[in-house]
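A.B. asks: Per this note's numbering: the sequence shown = residues -11 to 640. A virtual CB, placed ideally from N, CA and C, is assigned to each residue, including glycine. The structure that follows is given in the form of structure tokens.
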Amino acid sequence: MTLKIGLFGNPNTGKSSLFNMLTGLNQHVGNFPGVTVEKKYGVIKRSEKTFTIIDFPGIYSLYPTSQDEQVVYDVLKVPNHLDFPDMACVVLDSSNLSRNLLLLTQLYDLKIPIVAILNMWDLVEKRGLTIDLSNLEKTFPGVTFVQTNARVGLGKERILEALEKTVETSNYSPVIDSFELAKIEDKKSQENDIKSRYGWINEKLPHILKTKPGVEERTKKIDKILTHPVIGYLIFLSILFTVFQFIFSFAVIPMDFIDLKFSQLAEWVGTTMQSGLLNDLVSQGIIPGIGGVVVFIPQIALLFFFLSILEETGYLARVVFLMDRLMRPFGLNGKSVVPLMSSVACAIPGVMATRTIADWKERLITILVAPLMSCSARLPVFTLLISLTIPNEDIAGIFNLQGIVLMGLYLLGIVSALLVAIVLNKLIKIKSSGYLLLELPSYKSPRWKNVIINVWEKVKIFSLDAGKVILSISIILWALATFGPGDTMENEAKKREELLASSALSEDEKEQQIASVKLEHSYIGMMGKALEPVIAPLGYDWKIGISLITSFAAREVFVGSLATIYAVHDESEENDRLIDRLKKEQKPDGTPVYTLATGMSLMVFYVFAMQCMATLAVVKRETNSWKWPIIQIVFMGILAYTASFLTFNCLS
């Protein structure tokens, strides 16, 4: 017997913690049909029953004012909908029942069998509250109430036992008689219904909830500091600064280890396998390409680790509240912060997260500027170029210069996003009436299981998704760099070999020059040479140009492409690390290719450039038009080229 269990709840009620507690790693992510709103579902087997748990988006009410609420509304108003649940698990913040009970009354009146989860039960006593469970059960006949604290894993067995029971609806006493979503579609009727429900809740609440006098909440004291109009911003910047210092300082050991092992693996394959095209493909194409992504997993994991902690503790909600004051002049609101901060991980979920913004103009502006936030796919590019061109020095004996540059790049993206938002707010002629409705959750220590699951999911997605792209492009790049039109490569190589026959160069140096000539006259070399006049003013050569082209598939491909190109270029017996090969790279006049000016120009280029086809596709789906993604790629391309040109020429 299989039952669909809908998991419902307000934002910040611990719904995600509960879902993780029930399903662990046995969960999958998909989208609701026809929209890009994410849904999670997990499977639990219990005796002879199988529960498929659908984690619906966090909502305050069934009446839609955002895409999240629209999805839930569209499902529940059609009883034969594919995702319509057999039972509902409603997650309530026990310490904030007055707000949470509205959604419970609506689901209750739909006559769906309900198990109500009184989550965060540990906060009830801390806040000086007392909940009369017997009166609560009398108020909602037929509903099974379960006390839990999902963050620390308490209550799982009680929930599963409650789900196993057959919940009858015959003894339900609806709050509003004859309640049907399909019959309350106009805004006025919805407003009246909500007023009636809050009136009913306020009448019942004194018999359910008691407050002890004289209890001062710790949360209010902390909020006075963290949401202070001056101190709050300084604390936020300090936290960001600390995170980036950690990312650069503590990831270097595992990164060096991974880089070394991939170099050794490529060298071992090159000497062990039978020589030929297959050997070259594996040792010069596949291994360097994939290694160029895997090496950055420690930094990606650290980034998501810190973001998860900030979210788990309740601090991110304060950031939303704090930043609302700053966002208003830019045509945004505090809710834009969540999509923008999500874009630090990846612009795709960041763009999708804008569905919580009710006002279309604010949502559109947020979508258009979200890719300017430096995502995790840029991190490998930044890390490589910083390590290559920025000295590994300490400032004042405390701060790492490379970490400061990394933070500066992220801040450049943030500031640029805000400035572009101002321009878009002036240019986009859409009437705006945005507002911020936000409930600040209580502070709590992070649930480490949730943090680990979140880091694992994000690293897995980054590794597998990026790995597929990298593997495909590495093979294509290797082929384009290995072959050329007709006998051109071989003829040019012979000419160079004859010229070098009487030179005093070592055999390795001669082989390097011959390999360079071959690469230059390969298919990919011809493509790079054709692009070189356009990118030369930015300080780039044709090899960098090739990586720019391939990174339109995904930004992190830039590193893998360089790794593949230079692996094909390297004809020596030892496989040097990519960074060592790049340091040796010279222009025809003998000067280094990767100078401070070139490195900073490239980093600035990747701050602004829209180098991600997947993000463009998501923007198209979210805006339901190709107009906005085309505008987006054009203005970001102009910004990238202009800023890179100015950076290179100012530092040269």
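Whole angstroms are fine: how far does the CA of C363 sit from the CA of L106?
C.D. replies: Here the alpha carbons of C363 and L106 stand approximately 37 Å from one another.
A.B. asks: Are the segment 76 to 89 and the segment -8 to -1 touching by the rule of at least three beta carbon pairs closer than 8 Å?
C.D. replies: yes
A.B. asks: Bridge partners of C77, per DSSP?
C.D. replies: L(-5) and V103
A.B. asks: Terminal residues of the continuous alpha helix (DSSP H) containing Q252?
C.D. replies: V240 to T260
A.B. asks: Does the segment 317 to 337 touch the segment 407 to 414, meaning 3 or more C-beta pairs lie closer than 8 Å?
C.D. replies: Output reads yes: the segment 317 to 337 touches the segment 407 to 414.
A.B. asks: Less than 8 Å between the CB atoms is what I'm expecting for F636 and T579, so what's the real figure, rounded?
C.D. replies: Wrong, their Cβ atoms sit about 14 Å apart, outside the cutoff.
A.B. asks: Please list the segments of the alpha helix (DSSP H) lying wholly inside the segment 447 to 488, counting only runs of 4 or more residues, in order along the chain.
C.D. replies: 476 to 488
A.B. asks: Rounded to whole angstroms, what's the CA-CA distance from I210 to V218? Just pull it up for me.
C.D. replies: The alpha-carbon atoms of I210 and V218 are separated by roughly 14 Å.
A.B. asks: Using the three-state DSSP reduction, which class does R351 fall into: helix, strand or coil?
C.D. replies: In the structure shown, the three-state DSSP call for R351 is helix.
A.B. asks: Where do the N-terminal and C-terminal ends of the beta strand (DSSP E) with Q135 fall, by residue?
C.D. replies: T132 to Q135
A.B. asks: Please classify N0: is it buried, with 16 or more other beta-carbons within 10 angstroms of its beta-carbon, or exposed?
C.D. replies: buried
A.B. asks: Going along the chain, which residues of its own chain have a beta-carbon closer than 6 Å to the beta-carbon of N8, five neighbours each way excluded?
C.D. replies: Contacts found: N438 and I441.
A.B. asks: Using the rule of at least 16 other Cβ atoms within 10 Å of the residue's Cβ for burial, across every protein chain shown, is L225 buried or exposed?
C.D. replies: exposed
A.B. asks: Indicate whether L465 and T371 have their beta-carbon atoms separated by less than 8 Å.
C.D. replies: no
A.B. asks: What is the DSSP secondary structure of I119, counted as helix, strand or coil?
C.D. replies: strand
A.B. asks: Would you call the segment 233 to 250 in contact with the segment 500 to 518, where contact means no fewer than 3 C-beta pairs closer than 8 Å?
C.D. replies: no
A.B. asks: Looking at C-alpha atoms only, which residue of V403, M(-11) and K28 is the closest neighbour of S4?
C.D. replies: Residue K28 holds the alpha-carbon nearest to the alpha-carbon of S4 among V403, M(-11) and K28.
A.B. asks: Between D244 and E255, what straight-line distance do the alpha-carbon atoms span, to the nearest angstrom?
C.D. replies: 16 Å
A.B. asks: Evaluate G277 with the Cβ neighbour count: other Cβ atoms within 10 Å of its Cβ, from every protein chain shown; 16 or more gives buried, anything less gives exposed.
C.D. replies: buried
A.B. asks: Considering only residues of the same chain and omitting the five flanking positions on each side of A170, which have a CB-CB separation below 6 Å?
C.D. replies: K65
A.B. asks: Report the rounded CA-to-CA distance for R306 versus L228, giving the unit in angstroms.
C.D. replies: 14 Å
A.B. asks: Which value, in whole angstroms, describes the spacing of the CA atoms of I534 and G401?
C.D. replies: 24 Å
A.B. asks: As a quick exercise: from Y96, E499, R366 and S504, pick the residue whose alpha carbon is nearest that of E573.
C.D. replies: S504
A.B. asks: Taking the Cβ atom as the reference point for each residue, do Q620 and V607 lie within a distance shorter than 8 Å?
C.D. replies: yes
A.B. asks: Do three or more CB pairs link the segment 31 to 49 to the segment 98 to 117 at distances below 8 Å?
C.D. replies: no
A.B. asks: Quick check on Q599: does DSSP put it in helix, strand or coil?
C.D. replies: coil
A.B. asks: Can you list, in chain order, the residues of its chain with a C-beta nearer than 6 Å to that of D74? Leave out the 5 residues immediately preceding and following it.
C.D. replies: The residues are L(-9) and K(-8).
A.B. asks: Rank V103, L298 and N84 by C-alpha distance to the C-alpha of I41 and give the top, closest one.
C.D. replies: V103
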